[in-house]
Amino acid sequence: MIDKRIRAALFRTRLAEAMAERGMSQAALARACGVDRSTISQLLVSDKRMPNAQLAADCAQSLGVSADWLLGLSGRPEPMADLLAMQLTETQAPRALIDEAIFGWHQEAAGYKIRHVPATLPDMLKTRAMVDWEYAPQLGRSAAQAIGAFEDRLSWMRGARSDYEIALPRHELLAFATATGYYTGLPVALRLEQIDRLIELSEALYPALRIYLFDARRVFSAPITVFGPLLAVLYLGRHYLAFRDTARVESFTRHFDWLVREAEISARDVPAHLRHLRSRIS
Numbered sequence: 074m075i076d077k078r079i080r081a082a083l084f085r086t087r088l089a090e091a092m093a094e095r096g097m098s099q100a101a102l103a104r105a106c107g108v109d110r111s112t113i114s115q116l117l118v119s120d121k122r123m124p125n126a127q128l129a130a131d132c133a134q135s136l137g138v139s140a141d142w143l144l145g146l147s148g149r150p151e152p153m154a155d156l157l158a159m160q161l162t163e164t165q166a167p168r169a170l171i172d173e174a175i176f177g178w179h180q181e182a183a184g185y186k187i188r189h190v191p192a193t194l195p196d197m198l199k200t201r202a203m204v205d206w207e208y209a210p211q212l213g214r215s216a217a218q219a220i221g222a223f224e225d226r227l228s229w230m231r232g233a234r235s236d237y238e239i240a241l242p243r244h245e246l247l248a249f250a251t252a253t254g255y256y257t258g259l260p261v262a263l264r265l266e267q268i269d270r271l272i273e274l275s276e277a278l279y280p281a282l283r284i285y286l287f288d289a290r291r292v293f294s295a296p297i298t299v300f301g302p303l304l305a306v307l308y309l310g311r312h313y314l315a316f317r318d319t320a321r322v323e324s325f326t327r328h329f330d331w332l333v334r335e336a337e338i339s340a341r342d343v344p345a346h347l348r349h350l351r352s353r354i355s
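Going by our numbering, the residue at position 229 of the sequence shown is 302; the numbering climbs one at a time, nothing skipped.
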């Protein structure tokens with residue numbers, strides 16, 4: 074609890090600060106709030122006077138700040154709507170490899186653990202042939218340039234000292250190995266090369282890279298990425314929704330950790346499972 078006199082002094086200081094910031098005089102604020110100038114004057118000089126709820130709200134609205142901030146209940150002056158806009162951003166998600174937004178988030182989170190539920194196989198673990206098969210139809214003539222940029226960014230990410238935890242639905246790898254569903258038409262040679270790559274990386278990079286497989290009939294996740302404690306990103310297809318507020322990032326983190334706890338195949342067992350799937354490729 075804050076003493077009334079301390080709260081009144083804080084209100085007076087913040088009210089004067091907001092008025093100065095916006096170049097608003099006592100008379101202008103009084104007109105905006107529908108009160109006498111003397112009422113605003115008393116708020117600015119009295120060490121005991123506190124406004125009623127209506128006047129505090131009117132002052133906050135007129136000055137473009139939050140009433141909670143004026144009253145000392147918040148350390149941020151922005152109104153709640155502005156805070157939400159800052160904490161939640163919607164970014165276009167082009168059909169591209171590790172696009173500018175994703176790469177920027179990886180740079181920002183360098184050194185932090187990154188938790189990832191991909192929409193297909195993880196881009197950072199794909200062979201060049203797999204990337205070409207998957208993305209060439211969308212990239213067209215710029216495919217070679219885009220793949221070159223992807224490989225450069227991939228090299229940077231692998232040197233960023235971030236640990237990666239990846240959770241995949243078990244059926245994703247089965248569909249890949251058997252060339253069904255999304256992977257229909259994927260050539261045998263390409264599948265063999267890609268699964269060998271997955272085996273190699275899952276063994277060579279462990280424990281910095283840990284892959285978990287969960288049963289999507291029991292647990293489910295949309296494609297998400299959690300960049301340490303900094304932000305959590307939900308992939309919608311055409312857009313990313315990026316959350317920066319602590320509560321949302323922690324919620325996404327708990328969701329991912331739940332997937333890991335419920336995983337049917339742990340990171341240590343993934344290479345053996347991949348070898349089993351390889352034996353089914355023909």
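Every residue, glycine too, gets a C-beta built ideally from N, C-alpha and C.
Quiz item: Three-state secondary structure (DSSP) at Y256?
Solution: helix
Quiz item: Would you say C34 and S135 are within 7 Å of each other, going by their C-beta atoms?
Solution: A query on residue 34 cannot be resolved here, the shown segment of the chain reaching from 74 to 355 and no further.
Exercise. Could you tell me which uninterrupted alpha helix (DSSP H) segments, each at least 4 residues in length, are contained entirely in the segment 185-223, listed from first to last along the chain?
Key: 201-212
Quiz item: In terms of alpha-carbon separation, which member of A130, L102, A126, T193 lies closest to L117?
Solution: L102
Exercise. Confirm, please, whether the CB-CB distance from H244 to A289 is below 7 Å.
Key: yes
Self-check item: Selected residue, minimal CA-CA separation from R95, among T112, K186, A133
Solution: A133
Practice problem: Starting from V108, trace the beta strand (DSSP E) both ways and give me its first and last residue. | Solution: Unbroken run through V108: none, as it is neither H nor E.
Quiz prompt | Exposed unless 16 or more other CB atoms sit within 10 angstroms - verdict on K77 | solution = exposed
Quiz item: Is it right to say A336 is buried, meaning 16 or more other beta carbons lie within 10 angstroms of its own, or is it exposed?
Solution: buried
Quiz item: Would a C-beta distance cut-off of 7 Å place R264 and I354 closer than the cut-off?
Solution: yes
Quiz item: Who are the near neighbours of R321 in its chain, counting only those whose CB is closer than 7 Å to its CB and skipping five residues on each side?
Solution: A305
Quiz item: Sorted by chain position, which residues of the same chain lie with C-beta nearer than 6 Å to V343's C-beta, five sequence neighbours on each side aside?
Solution: S275, I284
Quiz item: Where does P302 land, buried or exposed, given buried means 16+ other C-beta within 10 angstroms?
Solution: exposed
Exercise. Measure how close the beta-carbons of A183 and R234 come, nearest whole angstrom, since I'm counting them as under 8 Å.
Key: 7 Å
Self-check item: CB-CB length for G254 against A262, believed under 8 Å
Solution: So it is not a contact: roughly 20 Å between Cβ atoms.
Quiz item: Out of curiosity, what's the CA-to-CA distance linking T298 and V190?
Solution: 6 Å
Quiz item: Going by DSSP, what residues sit across from A305 in a beta bridge?
Solution: V299, F316
Quiz item: Under three-state DSSP, which class holds L282?
Solution: strand
Quiz item: Which residues in the same chain have their Cβ closer than 7 Å to the Cβ of A192, if we skip the five residues on either side of it in sequence?
Solution: P296, Y308
Quiz prompt | Opening and closing residue of the beta strand (DSSP E) in which I175 lies | solution = Element bounds for I175: not the beta strand (DSSP E) but the alpha helix (DSSP H), 173-181.
Practice problem: State yes or no: is the C-beta of F300 within less than 7 Å of the C-beta of L332? | Solution: no
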